[in-house]
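Here's the structure we're looking at; comments come further down.
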Amino acid sequence: MTLYLKNASYIDWRNFEIHPTDIEVSEGSSGGIRFLEPTENIDQIKTPGDSVIDCQGKYVTRSFVCGHHHAYSALARGMPAPEKTPTNFSQILEYVWWNLDRNLDSEMVEASALSTAMACAKNGITFVIDHHSSPFAITGSLQLMAQAFDKVGVSHLLCCELSDRDGPEAMKNGLRETDDYLTKGKQGLVGLHASFTVGDDLLRDAVGLAEKHQSGIHVHVAEDACDQEITKGLRGVSVIERFKQSGALEFEKTILAHCLHLSDKEREILKDSPAHIVLSIESNLNNNVGFFNPHLIDRRIMLGTDGMHSDMLRSAKACYFVGQGTEQITPDAVYQRFRNAHHYLAENGFSGDRENNLVMLDYDPPTELNSQNFPGHFVFGIEAGHIETVISNGIMVVDNRKLTTVDEADINRFCREMATRLWNKM
């Protein structure tokens, strides 16, 4: 089936040029778009089964990618505070997130993935790079998550967070799950929590898996100063030096999340590495762990949400407003970071993020929108609430702000049931 977008104002996501046009959208992970010639008439070329959407007065542009998510945290919204109040980042992990992920079971993992995928789709995200953690329900979890994302219609690049913090059995199960998933030909990465919870044997095995499957490492890096302090105390080197020695930084598919507390020596190392960096500004603010410094490493930077929410437009605005005080960032530079995930996926041959992933914006600004001032509209005007239609791999997954692929109310009831059970376990 082919989808036609009639009377669209297409915003080229690369150069912001705006084209009044009709668009032919083909289905599938290898599909694309074609701008119809002025002489072509949709009514004459469409065939039975094709669909037509009238985009009169609406803007159409490329949909979005989340460069770092934690779907496993989806059931945390509104949960009771921990028995002990955290006073630093290590305690936030121990009292909140490690308590949550240890109590997840397969049904909760499924609910978390469904909830995340639905929120992403409605916010224009058609591809999610996720970093999963359920150490005592890890077997089969990546396949379960993949099925949930596929059901909603959101493409994905998954990994499970390997760590030594839950003992050798959980660590071995995580390695096995990663190997099994990648052996089946699924596109994914080899996930690690952070250097300070990863022993030398696990790091070696993770890098070995990445080499075996021609993949990369997805890991938290110096999110808090404790990562550096513990790593240096145990290993005698910094986090980035340790990852360089292990070979983790040699993979073009490697993703380093956060990278807040780095020395100039580490920045020099990263400057020459093909690895990508992903920022999640609001998570850093929430955890009070510091700010990103782009010195020497202002290339290959993507944006994510770190499980805080599923709204990449919101993440981009946070990057801009915080960046005003930390690096004097411009709207153009924020937009580049926002879109860099597309380049990461394309350069590394991952499927599911071609030009047939689109959003239709019901955005009627009070000022002119053109190719010169689009970045200003992007930062100060366009929001998730303007997203009316979302097309993923050529298929309309959101129509008039409603999901077309799943029963959202039914899934939300399931998620609330799982959340209550999870909170009681915790």
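According to my numbering, the stretch in the sequence shown is residues 1 to 426, in order. All C-beta atoms in this analysis are idealised placements derived from N, C-alpha and C, irrespective of residue type, glycine included.
With 16 or more other CB atoms across the displayed protein chains lying within 10 angstroms of its CB, residue 68 is buried. Sixteen is the threshold: since fewer than 16 other Cβ atoms of the shown chains lie within 10 Å of the Cβ of residue 45, the residue is exposed. The distance from the Cβ of residue 394 to that of residue 25 is about 5 Å, consistent with a contact at the 8 Å cut-off.
If you look at residue 226, you'll find it in the alpha helix (DSSP H) that goes 225-235. Membership of residue 62 in the beta strand (DSSP E) is indicated by the continuous run 59-62. One alpha carbon belongs to residue 41, the other to residue 265, and they sit about 60 Å apart. Nearest neighbour of residue 357 by Cα position, chosen from 125, 350 and 187, turns out to be 125.
Residue 388 carries a strand assignment under DSSP once its states are collapsed to helix, strand and coil. Contact annotation: residue 58 and residue 311 have beta-carbon atoms that are not nearer than 8 Å.
The DSSP-derived three-state label of residue 189 is coil.
Where residue 285 is concerned, the enclosing alpha helix (DSSP H) starts and stops at 281-287.
Of the residues assessed, residue 380 falls on the exposed side of the cut-off, its CB having fewer than 16 other CB atoms within 10 angstroms.
Residue state for residue 275 is assigned as coil, using DSSP reduced to three classes.
Separation of residue 117 and residue 375 (C-alpha to C-alpha, rounded to the nearest whole angstrom) is 27 Å. The beta carbon of residue 103 is closer than 7 Å to those of 422, 425 and 426 in its chain, skipping five residues each way along the sequence. For residue 99, the uninterrupted alpha helix (DSSP H) segment begins and ends at 98-102. Contact annotation: the stretch 302-310 touches the stretch 267-285, with at least three C-beta pairs closer than 8 Å. Between residue 51 and residue 4, the CB-CB gap stays under 8 Å. Pairing residue 207 with residue 399, the inter-Cα distance amounts to about 42 Å. Counting of Cβ neighbours within 10 angstroms places residue 318 among the buried residues, the total reaching 16 or more.
By DSSP's assignment, residue 3 forms a beta bridge with 25 and 51. Residue 99 and residue 176 have their C-alpha atoms roughly 23 Å apart. With respect to the 8 Å criterion, residue 210 and residue 260 are not classified as neighbours on the basis of their beta carbons.
Counting of Cβ neighbours within 10 angstroms places residue 389 among the buried residues, the total reaching 16 or more. Here residue 259 carries a coil assignment [DSSP, helix/strand/coil].
The Cβ atoms of residue 220 and residue 194 sit closer than 8 Å to each other. The bridge partners DSSP lists for residue 194 are 220.
Exclusion of the five residues before and after residue 120 leaves 128, 154 and 310 as the residues of its chain whose Cβ lies within less than 6 Å of its Cβ. Taking 3 residues as the minimum length, the stretch 326-360 contains no beta strand (DSSP E) run wholly inside it. Cα atoms of residue 295 and residue 415: separation of roughly 42 Å, rounded to the nearest angstrom.
Comparing alpha-carbon positions, the option among 13, 9 and 368 lying closest to residue 343 turns out to be 13. Burial check for residue 167: the Cβ neighbour count within 10 Å stays below 16, so the residue is exposed.
Looking at the DSSP output, residue 402 bridges to 399.
In the pairwise beta carbon analysis, the stretch 141-155 is classified as not touching the stretch 79-97: fewer than three pairs are separated by under 8 Å.
Under DSSP, residue 319 takes part in no beta bridge, so it has no partner. Following the DSSP letters along the chain, one finds residue 171 inside the alpha helix (DSSP H) bounded by residues 168-183.
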